[in-house]
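Chains as they are written, first to last, in this note's numbering: chain A, 52 to 545; chain B, 10 to 452.
Listed below in structure tokens is the structure:
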């Protein structure tokens, strides 16, 4: 059986059609702020028409192949539509099509890497559109990971199966749509909670420069662990109270939403029993402590509170793959910077909006390696690898090893590519900065080091590097495999 | 009493043999050869047929039967047989099962499936193994009165500090009664001045704590086991590992079949599962079986169990326990060097036998083949013990009877001369097999 691309196209059409809603909302926002309406009105019309057109293709059953195709194409298509407003608005660096595509891809993949040179060059609506793209990207990955990937067995899906068998997502409710809706509701609720929290801080005088616009723009990009901010200084532009308040929302955004669901139902046992959660929490606290230690020896900040705040904030931001910053960590000592670099590869929990390799995969790798050490001593022993008391089957372990290895290889090759490509175009990028940029884009984190640091811009990179980054943000977000599968001849043959 | 036994396998025929002396026994089996061999070996009525079949059951007048014991090798057949018998008559139905899952379901609503009593052979065996492992000097362990009272048969080694002490000297435990000493095939009822000799088997009844206390008095150098090796991951091995795990003891299981080994490893997160042949000396050496505190052999057949335990013993394992399916081998096993031989059949027979008594004992434990019994009875108004001190009532009881423990309202009372027994008390009594019926009648 050949792949039934019509079904995939038709489904992409439906997604594009629904993208009209946020675009129309942006039109209203633009009217409210008295800004240009065309950048959103035109794409709204275009995407509605395109969506309607694609939907006309015959829709059959969504099989494995069709799902791969749909997932891969959807993210690209949304990025393309998402780039239109930037181009039409024609402001600043985003006017340039590749930059616009970079920014939109960075948005929809919840990366948070930006090519903006001057934040003031863009209107409030454009900044809000950046945030909205990230919010949609977070929602999309949540629904995808939970509802779609758990049905078709891909890297992320097997994760869901192994890690969440009790928390088996598909079993939250008997129907997938219902489950997706439930998790969507939690996502929406958390976003609203963050808006209320920030406005509450303002009401008690702890957040003087936070208005409803700032609250919404940041709530959209914190829960989605994405990291765009309308401020060039990111969260650093706000009071320490706002910075502290943002930490738990990033942390929760990268926590398994199924666990959150049970937590809301008053079931604390699952969270307590989740080894992945403990691992995730341990990584965050451990890296924060190390970073704080380096910051103290470096005498970067005066007093315990700023050290604790900046260390914890930066680590949570990087590990959850959000990418906010409260300070230009590019100015930190190499030791502290390398803590963040290490954190880039961890990621939050599976079944959340987080990106990167994810705590669950590392946990399985660590456990299976420990098992291998045991079987060195007891060659005939049979010792299944367990996560939270549940047995992970051997095939999944192999897949996870494969995924981690593949991620590291892509990272390494991409680093080499960035260095050669920048050398070719006579841009000076250091070894560590190239590694940071490669990891940060491919693992969907956002800021890196050097020119692409938290207060810098990716616009320094040559076009070719930016295009490669667009592709790898896309590949990384949908967990590599669906894209690679599309590249195999077997996929297209019957 | 008229008893119908369905299934003439090892357990079935052993029960038939012990019942045939006093009762009318009908044995149904589907296998014609087995039926034929029974005809010549036992004084029972063997019938060829299917126990789940209404016609077969009616053919042996199930309506008039007092008891139906379903004891085939197949759990489902046994349950259906009991259920069918229940619909046809009013016999007391006993079903033997291997899988604890049926016992678990049945225990939630006793009488379910039309089964009046369900006995899980493998679980019984596992419990008895775990009891024995827990007490380094025990040969046999049985629980009474919901676990308040424990009967233990201790073996006194030559170098034991208890050897050559009098009972009075050895009795330093409040809630422990020395019920009997088995010396050279004779059962002695101990007095205060009886001297304990090396090689004696002592039957003690009392609280589980006092049993542990006495065990360390017998062998102070023996600590509780920490490393237990189970060879054979069948149902008994699996249940043993589960029970050990409940007690916080780690076990290593050696299982030959790879799929089964994997299954075990998945079910038992705290055990180490080794996929290999337990009679392969090299494997036993790699796994350092010699350093284990105890080894349990629960393989398919007795010969393999014997081989595995003897191999382990030679490598230095402190204590070896072997399952023997043929109860007759138990003595032989212990003679050639196995520390304890456990017979699941005997455990099952104990459980079933108590229902065949004129008065139903709450629990029965058979000591040393069939030399003596420890039974638990509920005291009614007619009992000779009621409302008077034990000192006075012992005169009315036959020789060879010791009252080991009394439980009242969930508490253990250690019987002394002046203890007054009340109606509703449970007494755990040691009795010589010869006087069992007289004792049960009087108590």
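From the three backbone atoms N, C-alpha and C, an ideal C-beta is built for every residue, glycine too.
In this text, all values refer to a predicted model and were calculated from it rather than measured experimentally.
| Query | Result |
| --- | --- |
| Beta strand (DSSP E) segments (min. 3 residues) lying fully within the segment 414–460 of chain A | 436–438, 441–443 |
| For residue 177 of chain A and residue 130 of chain A, believed in contact at Cβ under 8 Å, the rounded distance | Not a contact, Cβ separation roughly 16 Å. |
| Classification of residue 49 of chain B by the beta-carbon crowding that lies within 10 angstroms, buried from 16 upward | exposed |
| Per-residue contacts from residue 429 of chain A into chain B (C-beta, under 9 Å) | 261, 281, 283, 295, 296 |
| Residue-chain proximity (residue 38 of chain A, chain B), Cβ-Cβ < 7 Å | There is simply no residue 38 of chain A to check, as chain A begins at 52 and stops at 545 in what is shown. |
| Minimum C-alpha distance to residue 144 of chain B - residue among B:131, B:203, B:165 | B:165 |
| CB contact below 7 Å: residue 243 of chain A versus chain B | no |
| Cα-Cα separation, residue 218 of chain A to residue 422 of chain A | Bear in mind that a pLDDT of 36 at residue 218 of chain A, under 50, signals an unreliable position, so the number given afterwards is only what the model happens to contain. So the alpha carbons of these two residues sit roughly 25 Å apart. |
| Per-residue contacts from residue 292 of chain B into chain A (C-beta, under 8 Å) | 431 |
| Test: residue 415 of chain A CB closer than 7 Å to a CB of chain B | no |
| Three-state secondary structure assigned by DSSP to residue 71 of chain B | helix |
| Completely contained beta strand (DSSP E) runs for the segment 473–540 of chain A, where each covers 3 or more residues | none |
| Between the CA atoms of residue 388 of chain B and residue 228 of chain B - distance to the nearest angstrom | 36 Å |
| Test: residue 255 of chain B CB closer than 7 Å to a CB of chain A | no |
| 8 Å contact criterion, which residue 433 of chain A and residue 375 of chain A should meet: CB distance rounded | With 8 Å as the limit, residue 433 of chain A and residue 375 of chain A do not qualify as a contact, their Cβ atoms being about 46 Å apart. |
| Any non-hydrogen atom of the ligand COA closer than 6 Å to residue 396 of chain A Cβ | Of the ligands one can find in the structure shown there are none, so the ligand COA has no counterpart to examine. |
| DSSP three-state assignment for residue 372 of chain B, whether helix, strand or coil | strand |
| Neighbour flag for residue 443 of chain A against chain B, beta carbons, 7 Å | no |
| Euclidean distance between Cα positions of residue 435 of chain B and residue 421 of chain B | 10 Å |
| Listed by chain order, chain A residues near residue 270 of chain B by CB distance under 7 Å | 433 |
| Option in A:399, A:384, A:311, A:256 with minimal Cα separation from residue 305 of chain A | A:399 |
| At least three beta-carbon pairs within less than 8 Å, the segment 113–121 of chain B to the segment 372–380 of chain B | no |
| Proximity below 7 Å, CB of residue 26 of chain B to CB of residue 51 of chain B | yes |
| Spatially closest choice to residue 411 of chain A from A:473, A:145, A:307, by CA coordinates | A:307 |
| Touching by the beta-carbon criterion (3+ pairs, under 8 Å), the segment 168–183 of chain A and the segment 516–531 of chain A | no |
| DSSP-derived helix/strand/coil call for residue 42 of chain B | helix |
| C-beta contact flag for residue 309 of chain A and residue 258 of chain A at 7 Å | no |
| Spatial distance of residue 121 of chain A from residue 156 of chain A (CA atoms) | 17 Å |
| Contact set for residue 67 of chain A: own chain, Cβ-Cβ below 7 Å, skip 5 residues either direction | 98, 101, 102, 105, 128, 132 |
| Beta-bridge pairing of residue 263 of chain B - partner residues as DSSP gives them | B:240, B:283 |
| Where the segment 230–243 of chain B meets chain A: residues whose CB sits under 7 Å from a CB there | none |
| C-beta atoms of residue 281 of chain A and residue 268 of chain A nearer than 7 Å | yes |
| Rounded C-alpha distance that separates residue 317 of chain A from residue 361 of chain A | 32 Å |
| Chain B contact residues for residue 440 of chain A, given Cβ-Cβ distances below 9 Å | 278 |
| N- and C-terminal bounds of the beta strand (DSSP E) containing residue 441 of chain B | 435–441 |
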